[in-house]
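A short write-up of the structure that comes next.
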Amino acid sequence: MVYRNKTFANGVVVGLSSGKVELGADSGDLLIKSGGSTTTVRPGLGVTSQQAVTIVANKTALPLPPTGIPNGAFYFTTASSELFMKSGGGWYRVSTVNTSPSITQTKLQQL
């Protein structure tokens, strides 16, 4: 059975205690709160409350300790093409970025 609600709620909590995420609405924006950080998603614009990715030369250029840097901040290292995210008191490697992808195409033979 399917139910239709005109008004669901102004906010929803997903998860328990320290791992919870709060989803809320504010002036047409979606607010996502977790661990003391808030991200705003605006229809048509995407994420509006995050800073751009900071580019550094290598891993040793990542600020340690990362004081004054908000959780969720991204740093990209040009030497190793790695993307790091700040969380708590440290950095977590999110991905190694392939900066020169290629595709090889082979022609099938007819029988």
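The opening residue of the sequence shown carries number 14 in this note's numbering; numbering runs sequentially from there. Even for Gly, the Cβ is constructed at its ideal location relative to N, Cα and C.
For the pair Val26 and Leu36, the Cα-to-Cα distance works out to about 6 Å. Secondary-structure assignment with DSSP links Thr90 through a beta bridge to Val69, Glu95. Asn84 sits close to Ser50, with the two beta carbons spaced by under 8 Å. Judged by DSSP secondary structure, Thr51 falls within the beta strand (DSSP E) whose first and last residues are 50 to 55.
Pairing Phe87 with Val110 gives a Cβ-Cβ distance that is not under 8 Å. By the CB criterion at 8 Å, Gly41 and Val34 fall outside the cutoff.
At the C-beta level, Val107 and Leu96 come within 8 Å of one another.
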